[in-house]
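Residue numbers (my numbering): 23 to 383.
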Ligand code: AMP
């Protein structure tokens, strides 16, 4: 079984680390010679739209997947001439544009924050009237980790943001005063079988995920999130792991965005669930049965962003598992994470109070 991965970052690295015990060989395509996967799998060094490199990857793999959602849709379709590619390229198309994505959610009767496509200052002024303030002006494409976003609290802000961002395609979104942010991770196999992980509670700063707590136990919200995820999975005839991020407002969930791939808010599953998101992704794309998503305890996952903390000290905490991605430190860059799995909620609370878990917040 040979897996090809578009992208050689930490997500691809963790897919490979889960797929190799299943007997898979992994090749990946990434233009950066020092990509986090470069020491653990075979690399094809090339651009994501280089047809020769894409064909080589496809010919060396029984199935191709991707580890970031900005893979050009045309490249995913090109690969599908030669070999299977999962998740389907259509999932990429939907998730690459916030307007298409939110419209897709709404078509499936999955609620989202109010939004409007913005093509002119006039559109922006009308949208501010309709949606109200505060609101967020975001780029429709290529936005991640809070990049390409401006908070608009006044009409003057709107004009300023328009003059700074007008060269990009834009969307205005209602600013949601959420109760909390949660995400669901789901996996769908080639036979349509679906499994769901418990909801995760996520804490962001500057638009970047810092800390996740799992499971977030709420039967009503869990059922709602699973229902919404199932609609997305079935509509796309999806294969692999999918993540959807929601804003919880009371007993409602508003979908913020989806990621057609393994997700940072699922890193806790490596030690905190019977089968990790990475293994379930590998199983799904290889056509194997999916594994149990049962939790093994109460997990907290903290990202190392920009700089590494005192790793030796973290490793002295019982049940702490450190993952380093072999990346050069740079401001805002995800360099690694730690997951601690406690036997119960109280122990996790205690560790959160005593350990230096908030170093990243
Ligand atoms: P995004 O790039 O859309 O995932 O946004 C990154 C983070 O910014 C989210 O996880 C939220 O913390 C915050 N954010 C994004 N959109 C909104 C919104 N419409 N209302 C409130 N907060 C938001």
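Glycine included, C-beta positions come from ideal geometry on N, C-alpha and C. Remember, it's a predicted structure, so these values are computed and weren't measured experimentally.
Pairwise C-alpha distance: residue j and residue i
| i | j | result |
| --- | --- | --- |
| residue 184 | residue 266 | 29 Å |
| residue 371 | residue 28 | 38 Å |
| residue 99 | residue 111 | 6 Å |
| residue 40 | residue 186 | 43 Å |
| residue 333 | residue 150 | 47 Å |
| residue 290 | residue 236 | 8 Å |
| residue 155 | residue 228 | 20 Å |
| residue 209 | residue 218 | 7 Å |
| residue 346 | residue 109 | 26 Å |
| residue 365 | residue 96 | 46 Å |
| residue 349 | residue 57 | 8 Å |
| residue 233 | residue 357 | 14 Å |
| residue 383 | residue 226 | Per-residue confidence for residue 383 stands at a pLDDT of 49, beneath the threshold of 50, marking its modelled position as unreliable; no derived number is given. |
| residue 144 | residue 250 | 34 Å |
| residue 31 | residue 37 | 10 Å |
| residue 49 | residue 147 | 49 Å |
| residue 119 | residue 163 | 5 Å |
| residue 263 | residue 216 | 10 Å |
| residue 316 | residue 295 | 6 Å |
| residue 24 | residue 211 | 17 Å |
| residue 90 | residue 283 | 7 Å |
| residue 66 | residue 352 | 25 Å |
| residue 363 | residue 373 | 10 Å |
| residue 192 | residue 125 | 14 Å |
| residue 55 | residue 361 | 28 Å |
| residue 276 | residue 128 | 10 Å |
| residue 160 | residue 92 | 16 Å |
| residue 256 | residue 101 | 23 Å |
| residue 203 | residue 274 | 12 Å |
Endpoints, alpha helix (DSSP H) assigned at residue i
| i | result |
| --- | --- |
| residue 127 | 120-129 |
| residue 250 | 241-257 |
| residue 116 | 111-117 |
| residue 147 | 143-153 |
| residue 95 | 95-101 |
| residue 163 | Per DSSP, residue 163 belongs to no alpha helix (DSSP H) and is neither H nor E. |
| residue 12 | With the chain running from 23 to 383 in the structure shown, residue 12 is simply not present. |
| residue 177 | 177-187 |
| residue 32 | 32-41 |
Residue i beta carbon near the ligand AMP (any heavy atom closer than 6 Å)
| i | result |
| --- | --- |
| residue 279 | yes |
| residue 110 | no |
| residue 158 | yes |
| residue 226 | yes |
| residue 186 | no |
| residue 358 | no |
| residue 198 | yes |
| residue 229 | yes |
| residue 331 | no |
| residue 43 | no |
| residue 135 | yes |
| residue 195 | yes |
Start-to-end residues for the beta strand (DSSP E) that takes in residue i
| i | result |
| --- | --- |
| residue 267 | 262-271 |
| residue 303 | Residue 303 -> not in any beta strand (DSSP E); alpha helix (DSSP H) instead, spanning 299-308. |
| residue 203 | 202-210 |
| residue 223 | 222-227 |
| residue 280 | 274-281 |
| residue 25 | 24-28 |
| residue 137 | 137-140 |
| residue 218 | 216-218 |
| residue 195 | 192-196 |
| residue 48 | 47-51 |
| residue 236 | 230-236 |
| residue 174 | 171-174 |
| request: Give a yes or no on contact between the segment 285-305 and the segment 127-147, applying the rule of three or more CB pairs nearer than 8 Å. | output: Because the criterion of three Cβ pairs below 8 Å is not met, the segment 285-305 and the segment 127-147 do not touch.
| query | Does the pairing of the segment 337-345 with the segment 237-244 give three or more beta-carbon distances under 8 Å? | reply | Look at the beta carbons and you see the segment 337-345 not touching the segment 237-244: under three pairs across the two are nearer than 8 Å.
| task | Report yes or no: do the segment 197-214 and the segment 322-333 share at least 3 C-beta pairs separated by less than 8 Å? | result | Contact between the segment 197-214 and the segment 322-333 is absent, with fewer than three C-beta pairs closer than 8 Å.
| Hey, which unbroken runs of the beta strand (DSSP E) at 3 residues or more fall wholly within the segment 323-367? | List check, beta strand (DSSP E) in window: 342-346, 356-364.
| message | Quick check for students: name the residue ranges of the beta strand (DSSP E) that lie wholly in the segment 56-87, counting only runs of 3 or more. | response | Those beta strand (DSSP E) runs which fall completely within the segment 56-87 and span 3+ residues are 64-66.
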